[in-house]
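Below: one structure, written as structure tokens.
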Amino acid sequence: MSQIPTKAKRGRRAARGFFEKTLGHLTETLEHTLFAEEIARQDGMLQSLDPRAKLLGALALLIAISLSHSLLVIAALYILTLPLAAASRVPMGYYIKRVWVFMPFFTGIIALPALFSPFTPGEPLLTLIDLTSPRVYLAITVPGVVTAAFLLLRVGSSVSVAVLLMLTTRWVTLLKALRTLRLPQAFVLILGITYRYIYVLLHAANNMFIARRSRVMRRMSGAENRRWLAASIGTLFTKSYALSDDVYLAMQSRGFRGDSHVMGNLEWRRADWLWLTGSLVIATAALWVGR
Amino acid sequence: MHIPDGYLSPATAAAMYTVSLPVWYLASRKMTTRLTGRSVPLIGLFAALSFVIMMFNVPLPGGTTGHAVGSVLAAIVLGPWAASLAITVALIIQAFFFGDGGILAIGANAFNMAIAMPFVGFYLYRWLSGGAVTPSRRAIAAAVAGYLAINVGALLTAIELGIQPMLFHDAAGHALYFPYGLGMAIPAMLLGHLAVAGPVEALVTGLVVSWMQRTNPQLFETAGGVTQGATGLSRWAWTGLLSLIALTPFGLLAPGTAWGEWSREGLQQLGLGYIPEGFDQWSNLWSAPFSGYDIPALNNSTVGYLLSALAGVVLILGVIFALTWFIGRLRHRREDGRTG
């Protein structure tokens, strides 16, 4: 079974400064992408589909989730993704937790005040404070709950669809899909280069942070830290500049003249048509039911 | 500032894509004509770089930490067009691979962070650093530009979010998307950005610019030339325009109405005994989106006035920009025809 990156594994989070936070974030991203790549290589249902069908199907679902005026329909669309995830060997715990445990830290906090009467007045569901003099009134209202539920469900389901697409599609094939869907050549080429060099720069940044960590004995002042951070960003800037020169020369010496060719063609099979039609039908049905 | 999917209605998301698309198109045209193949790895690497920089946690004096966007920094080094493309690519990868910002919301996020921020920041930096630059003035100009540009981005984000409950709710009046109006979204967003994210952006932009001037000055001198900046004359024109926008709320102080611009009620107040028939017939033909230069949901006529002025200027500049581009294309084509 594949290693699932969890927050707990990285050890205690006590007294983490900017330094540990950044280092943690960098490692987490590296882990996360490796994990995604590993799942995308497995032999599952969504992995076997053509990336174009998957991309278009995911977009149709996202639009349906976004347009629906019914909470039930959004919830149903989310529930539909669960068997898909299972059939594609995405670890269920990870799939559910990734969205519903970590999302509330951001969207949950934003949705929270909407529950209460000062922000969303209306029929009370649960009256918390009701004083006549001085007049203080605080209640959780029905429209408040509906509003907050719309936001949370919509965000959670949209993120789930994106996560499912990302976990089951290798970046290289997704780029190929974008190319055949008529996105500008240069743009797709840039996306490819970017994705490749994110790792290089992540590693470089990671090494810089670890190198410094192992050389520093005392507590640094805020100003020192900021200067060091500026210097490391500056170094990365210079490095990227030099690297882009090297990459260009390498591209030229391999015959790059402004456009590129992809090896290995994508092929639509019956399953891909089935999948695409299926997701379009479901999206349309969801829209019709959830008007 | 990354808006996830579910916060914006599809209509808003689509509108933001239509706003961002022409800029992406122009930017990629500019890049390919200016630098040919060389710009592909350059933009690719800087997109990767800004992706990594967005992960850095920056310590502020006082103990809080925050993340920088780095759009202004990229714009100062690469020029605004290349920076715009690079940040857009970084945002796309964040949306697809890390669920950071929505896929349908890429248009909106790119407009706020990859278009508004680098352009506002770049031209502010140009203007503040002036012609003959000393290193310290450059660094300070960069810091100020970073601070202001991220707040412009935050304001745009807040406006996009704040118009949701006004425009989109179900039959029972429940907000379907972002639930708080402009009156709440703008202060909440700006408070955080004026106090934390703004200083972070200012620190990163200013310190890195000053570091690069010390270590790699020639990169600095040549790189700005990737795209051309504002000339002396247009700098003054922009200053004038911005100060005019800032002054618009003074219009609220002036009594009465402009001569010849009476409304139906105004005509009655003037003591005119009757309302001209044609006036009655036509005055309801068009109802303005910001009637009276005010946005009612804001409950604040000064802010409403400023936003109306800003919206108007953006609209007019957009039309002028589109026209110039179109005329330029026509001329270009005619010249092509002549030589070819």
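Respectively, the protein sequence lines represent chains A and B.
At position 103 of the first sequence the residue is numbered 103 (UniProt numbering), and the sequence of numbers has no breaks.
At position 203 of the second sequence the residue is numbered 203 (UniProt numbering), and the sequence of numbers has no breaks.
Glycine included, C-beta positions come from ideal geometry on N, C-alpha and C.
Backbone CA spacing between A/Leu152 and B/Leu161 [nearest angstrom]: 15 angstroms
Going along the chain, which unbroken runs of the alpha helix (DSSP H) with 4 or more residues stay wholly within the segment 184 to 219 of chain B? 198 to 215
Using a Cβ-Cβ cut-off of less than 7 angstroms, list which residues of the segment 36 to 60 of chain B approach chain A; keep chain order. Thr36, Gly37, Arg38, Val40, Pro41, Leu42, Ile43, Gly44, Leu45, Phe46, Ala47, Ala48, Leu49, Phe51, Val52, Ile53, Met55, Phe56, Asn57, Val58 and Pro59
Can you list, in chain order, the residues of its chain whose CB lies under 7 angstroms from that of A/Ser167, leaving out five sequence neighbours each side? Reading the sequence as shown, one finds Leu at residue 167 of chain A and not Ser. Ala36, Ile39, Ala40 and Val90, listed in sequence order.
Compare the C-alpha of B/Ala105 against each of B/Ala311, B/Gly206 and B/Leu8 and name the closest. Answer by Cα proximity: B/Leu8.
Using a Cβ cut-off of 7 angstroms, pull out every chain B residue sitting near A/Gly222, in sequence order please. Here the neighbours are Pro59 and Pro61.
Any beta carbon of chain B sitting closer than 8 angstroms to that of A/Tyr197? yes
Per-residue DSSP class, three states only, for A/Leu126: strand
Between A/Thr107, A/Pro118, A/Thr22 and A/Leu178, which has its C-alpha nearest A/Lys54's C-alpha? Per the Cα distances, A/Leu178.
Cross-strand partners of B/Pro59 (DSSP beta bridge): In DSSP, B/Pro59 forms a bridge with B/Thr65.
Quick check on residue 302 of chain A - is its C-beta less than 8 angstroms from some C-beta in chain B? Beyond the ends of chain A as shown, which are 1 and 291, falls residue 302 of chain A; an answer cannot be given.
Listed by chain order, chain B residues near A/Tyr94 by CB distance under 9 angstroms: Simply none; closest approach about 13 angstroms.
Entirely within the segment 78 to 105 of chain A and at least 4 residues each: give me those alpha helix (DSSP H) ranges in chain order. 92 to 100
For the beta strand (DSSP E) holding A/Ala139, just list the boundary residues, first then last. Bounds of the beta strand (DSSP E) holding A/Ala139 are Val136 to Thr141.
Under 8 angstroms, Cβ to Cβ, is there at least one residue of chain A near B/Gln228? Any answer about B/Gln228 is weak, because its pLDDT of 40 lies below 50 and its placement is not dependable; what the coordinates show is given next. B/Gln228 does not count as touching chain A.
Grab the span of the alpha helix (DSSP H) containing A/His25 for me, first residue to last. Phe18 to Arg41
CB-CB under 7 angstroms to A/Ala114, same chain, minus the five flanking residues each way: which ones, in chain order? Cβ neighbours of A/Ala114 within its own chain (closer than 7 angstroms, five residues either side excluded): Thr120, Gly144, Thr147 and Ala148.
Is the segment 162 to 178 of chain B touching the segment 132 to 144 of chain B in the sense that three or more CB pairs, one from each, lie closer than 8 angstroms? no
Leaving out five residues on either side along the sequence, give the residues of the same chain with a beta carbon under 7 angstroms from the beta carbon of B/Gly225. With a pLDDT of only 41 at B/Gly225, under the threshold of 50, the placement of this residue in the model should not be trusted, and no figure is reported.
Helix, strand or coil: which one does DSSP assign to B/His169? strand
Relative to the C-alpha of B/Val58, which residue among A/Thr284, A/Gly255, A/Glu224 and A/Val142 is closest? A/Glu224
My understanding is that B/Val208 touches A/Ala205, with C-beta atoms under 8 angstroms, so please give their C-beta distance in whole angstroms. About 14 angstroms separates the two Cβ atoms, so there is no contact after all.
Flag B/Asn216 as yes if its beta-carbon sits less than 8 angstroms from any beta-carbon of chain A, otherwise no. yes
How is B/Leu8 classed by DSSP in three states: helix, strand or coil? When secondary structure is reduced to three states using DSSP, B/Leu8 falls in the coil class, being assigned neither helix nor strand.
Closer than 8 angstroms, Cβ to any Cβ of chain A: which residues of the segment 157 to 174 of chain B, in chain order? Asp170, Ala172, Gly173 and His174
If you draw a straight line from the alpha carbon of A/Ile4 to that of A/Val216, how long is it in whole angstroms? Residue placement at A/Ile4 is flagged as unreliable, the pLDDT there being 48, under the threshold of 50; a coordinate-derived value is accordingly withheld.
Is any beta-carbon of chain B found at less than 8 angstroms from that of A/Thr6? Low confidence applies to A/Thr6: its pLDDT is 47, below 50, so where it sits in the model is not reliable, and the reading given next is rough at best. Answer no: the Cβ-Cβ gap between A/Thr6 and chain B never drops below 8 angstroms.
Report the option in A/Arg257, A/Val159, A/Ile282 and A/Arg212 whose CA atom is closest to the CA atom of A/Phe106. A/Val159
Have a look at A/Asp245 and B/Gly70 and give me their C-alpha separation to the nearest angstrom. 21 angstroms
So what does A/Phe116 bridge to, in DSSP terms? Beta-bridge pairing links A/Phe116 to A/Ile140.
Assign B/Pro41 to buried or exposed, taking buried as 16 or more other Cβ atoms, counted over all protein chains shown, within 10 Å of its Cβ. buried
List the endpoints of the continuous alpha helix (DSSP H) containing A/Asp272. Arg270 to Val289
B/Ala175 in three-state terms, based on DSSP: strand
Restricting to Cα atoms, I'd like to know which of A/Leu49, A/Glu20, A/Thr173 and A/Gly108 is closest to A/Gly156. Comparing Cα positions, the closest option is A/Gly108.
Helix, strand or coil: how does DSSP classify B/Leu330 here? helix
My output table needs one value for A/Leu131: the three-state DSSP class, helix, strand or coil. strand
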